[in-house]
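Report on the following structure.
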Amino acid sequence: MSEILVLVEQVEGEVKKVTLELLTLARTLGTPAAVWAGPGITAEAKARLAEYGAEKIYVAGADDLVDHVVAPKAELLAQLVAASSAAAVLVASTAEGKEIAGRLAIKIDSGVITDAVGLGKGFTADQSIFGGGVNVHARVRKGTPIIAVRPNSTAPVAAAGAGAEEQVSVTLSDAAKATRVVERVKQEKGARPELTEAAIVVSGGRGVGSAENFSIIEGLADALGAAVGASRAATDAGWYPHQFQVGQTGKTVSPQLYIAAGISGAIQHRAGMQTAKTIVAINKDPEAPIFELADYGVVGDLHQVVPQLTEEVRKRK
């Protein structure tokens, strides 16, 4: 079977969940080959990639691949597409991933699809558009398909691959090195899990009422070992940082449990969380659209319901 290149998303050598999702998708359509761009690959990372089906791991360890912005990774992938006659290239549909996909499409004269939520025979991509209101099927008609897949749209499933490592060197153009990263500021990681990879997410919306009241949402999240999310209304009001926004213009999550407190359920928010396995809605408006999507609903004031729920969770620990 033809190789399918999967660009690895990693932080300080730790492979991110979305990469395991991409490898799972790639296995259904060809032979997965992971592409590691930059230094820092570890034995643990290679084992993780092989665990989820990577038959080959291309390792391009040059510092230049991360010392410049985006373009070097596109050139690396273009070189590998030509050398391996890859059947397709899969990247994460993040801000960086989509830019890499677009640049790569120009370099290899191929079509590109972004924000795919599924992938089927013939590299036909499923897309959820217009805020999740319409589902479409799309297929690249020219060149090597380049597909950016939304994080959390596929459940990662382990299936061992050979994980054969192949070192790769790449000669970057002057254009790719025109912009240099001059400083990195490390954001301190809190005790809560990362929003896009959390098994449980507790989100608050307009009904929370203020930034101070978000402590109610955080309390339940901490009791459950969950990540905290927020609706666009809450982040636009300045009640919670924008990096925790869940929705069409924020982050897409697909946890085992999603608790929406004080969120009406506008279609833009639903687009970012509707693939959660179990959805619990807490809202004092019995007509709120979120109840149409919820598996369980509580009609009540979140300022009363959530603290009681938090207390019950803590009692059971």
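The letter at position 236 of the sequence shown is residue 218 when you use my numbering, and the numbering goes up by one with no holes.
Heads up, the beta-carbon is just placed ideally off N, CA and C, and yes, glycines get one too.
Within 10 Å of its beta-carbon, does residue i have 16 or more other beta-carbons around it, so buried, or fewer, so exposed?
i: lysine 233; result: buried
i: histidine 251; result: buried
i: arginine 123; result: exposed
i: asparagine 117; result: exposed
i: tyrosine 40; result: buried
i: methionine -17; result: exposed
i: threonine 260; result: exposed
i: glycine 229; result: buried
For the beta strand (DSSP E) containing residue i, name the first residue and the last one.
i: leucine 239; result: 239 to 243
i: glutamine 149; result: 146 to 149
i: threonine 106; result: 106 to 111
Tell me which residue opens and which closes the alpha helix (DSSP H) that residue i is part of.
i: alanine 25; result: 25 to 33
i: aspartate 46; result: 46 to 49
i: glutamate 194; result: Premise fails: glutamate 194 is in no alpha helix (DSSP H) and is neither H nor E.
Looking at C-alpha atoms only, which residue of the options is the closest neighbour of residue i?
i: alanine 32; options: Ala130, Ala44 and Trp18; result: Trp18
i: proline 14; options: Val0, Glu(-15) and Leu2; result: Glu(-15)
i: threonine 136; options: Ile23, Ala70, Ser155 and Asp97; result: Asp97
i: glutamine -8; options: Ile23, Ala8 and Thr6; result: Ile23
i: valine 11; options: Gly104, Glu294, Val99 and Val150; result: The sequence given here has leucine at residue 11, not valine. For leucine 11, the nearest C-alpha among the options comes from Gly104.
i: glutamate 147; options: Gly100, Gly43, Pro223 and Gly244; result: Gly43
i: isoleucine 88; options: His119, Ala60, Thr106 and Pro54; result: Ala60
To the nearest angstrom, how far is it from the Cα of residue i to the Cα of residue j?
i: alanine 193; j: alanine 173; result: 20 angstroms
i: leucine 62; j: serine 155; result: 15 angstroms
i: alanine 253; j: alanine 219; result: 20 angstroms
i: leucine 177; j: phenylalanine 226; result: 7 angstroms
i: proline 289; j: isoleucine 198; result: 7 angstroms
i: glutamine 109; j: alanine 158; result: 31 angstroms
i: asparagine 134; j: valine 99; result: 8 angstroms
Compute the distance between the beta-carbons of residue i and residue j, then report whether it is under 8 angstroms.
i: alanine 181; j: glutamine 238; result: yes
i: glycine 79; j: alanine 130; result: yes
i: isoleucine 241; j: valine 184; result: yes
i: histidine 50; j: threonine 153; result: no
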